[in-house]
Amino acid sequence: MSVQLVICADDFGMNPAVSQGIAQLAAQARLSATSAMTLAPGWPTDVALLRPLRQQLDVGLHLDWTSPFAMAAGHGKPLSRLMLQTQLRQLDRQQARAVIERQLDLFEAHWQAPPDHVDGHQHVQQFPVIREALVEVLTRRYPTGPRPWIRISRPLTPRSDIKAWVIGAMGAQALQRLARQAGLPHSQWLSGIYSFDGDASAYGLRLADWLQDAAAHPGVVMMCHPGLSSDDTDDPIAHARTQELQELESPLLPTLMQRHGLQLARGQQAWPPATA
Numbered sequence: 001m002s003v004q005l006v007i008c009a010d011d012f013g014m015n016p017a018v019s020q021g022i023a024q025l026a027a028q029a030r031l032s033a034t035s036a037m038t039l040a041p042g043w044p045t046d047v048a049l050l051r052p053l054r055q056q057l058d059v060g061l062h063l064d065w066t067s068p069f070a071m072a073a074g075h076g077k078p079l080s081r082l083m084l085q086t087q088l089r090q091l092d093r094q095q096a097r098a099v100i101e102r103q104l105d106l107f108e109a110h111w112q113a114p115p116d117h118v119d120g121h122q123h124v125q126q127f128p129v130i131r132e133a134l135v136e137v138l139t140r141r142y143p144t145g146p147r148p149w150i151r152i153s154r155p156l157t158p159r160s161d162i163k164a165w166v167i168g169a170m171g172a173q174a175l176q177r178l179a180r181q182a183g184l185p186h187s188q189w190l191s192g193i194y195s196f197d198g199d200a201s202a203y204g205l206r207l208a209d210w211l212q213d214a215a216a217h218p219g220v221v222m223m224c225h226p227g228l229s230s231d232d233t234d235d236p237i238a239h240a241r242t243q244e245l246q247e248l249e250s251p252l253l254p255t256l257m258q259r260h261g262l263q264l265a266r267g268q269q270a271w272p273p274a275t276a
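Following my numbering, the numbering of the sequence shown begins with 1 at its first residue and continues without gaps.
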């Protein structure tokens, strides 16, 4: 019996190279989800790339508190400051709800439907204060019918590097508990975390490890950050994006998926939507 795996490309809308790279991979059935940065100026136009893929791809909100787009919107903070303020619970919960509502409004205005899921740029969705605000907003905003699933950034196995465990420690279990109590569907594990170093072959080796681990753990989301070549100076991982795209487009991914008995799945297949 195959194990279902969600492969999600983050940062849709960040710039044309990222959006086009993601759409290119999705059209080749190498992805089952993508997460959109709705504060980005490119979101209203780039969304057209996703419409032909609507029946095969989960499209969700990439909740943003730390990018240049969030800074321009007025609520953005450097990651280190946001981590400290949320850990000390100095972030205003009412304001956090308003920030989340605005990004959901922008998502729905251009996608013309609720998001299939919610995750976060730099995993902010599970930070203290933000996670409580997120669950409150989702349960109020979507009281009936299928609700968006929430991505839990809990590292998959001890093979994960220190970065993965720092991310998980910022609130993965707490968000999972809140989602479960609210009846919101959610993933179990996250893979695809690394420091964006190395060349394409190094990414291929990591990919092999992640897929091997995913085969033994149902409920995995493997995130990725593909993109076409770009000279965007605001994108510090532009080079890594092209390497990810190269490996994910290659025969390596379907070969490894078949070897480990993995089936590409949307979140609604991997964990059925909860209903109120």
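Idealized CB from N, CA, C, for every residue including glycine.
Linking W149 to S201 through their CA atoms gives a straight-line distance of about 32 Å. Assigned with DSSP and collapsed to three states, H110 falls in helix. Judged by beta-carbon spacing, I193 lies beyond the 8 Å limit of A172, meaning their Cβ atoms are not closer than that value. Just measuring C-alpha positions, the residue of I167, A240 and A214 sitting nearest S2 is A214. With respect to the C-alpha of L252, the residue from P218, Q125, D209 and P236 having the closest C-alpha is D209. Note on geometry: alpha-carbon atoms of G198 and R141 lie some 42 Å from one another. Nearest neighbour of A73 by Cα position, chosen from R89, L79 and Q103, turns out to be Q103.
Judged by DSSP in its simplified three-state form, M1 adopts coil rather than helix or strand. Counting along the chain, Q263 sits inside the beta strand (DSSP E) bounded by residues L262 to L264. In this chain, the beta strand (DSSP E) harbouring G120 covers H117 to G120. When the five nearest sequence neighbours on each side are left out, the beta carbons in the same chain lying within less than 8 Å of the beta carbon of R89 are those of P128 and V129, in order along the chain.
The shortest C-alpha to C-alpha distance from D11 to any of A179, S67 and P78 is the one to S67. The beta-bridge partner set that DSSP reports for P155 consists of L190. Counting along the chain, no alpha helix (DSSP H) covers H62; the unbroken beta strand (DSSP E) around it starts and ends at D58 to L63.
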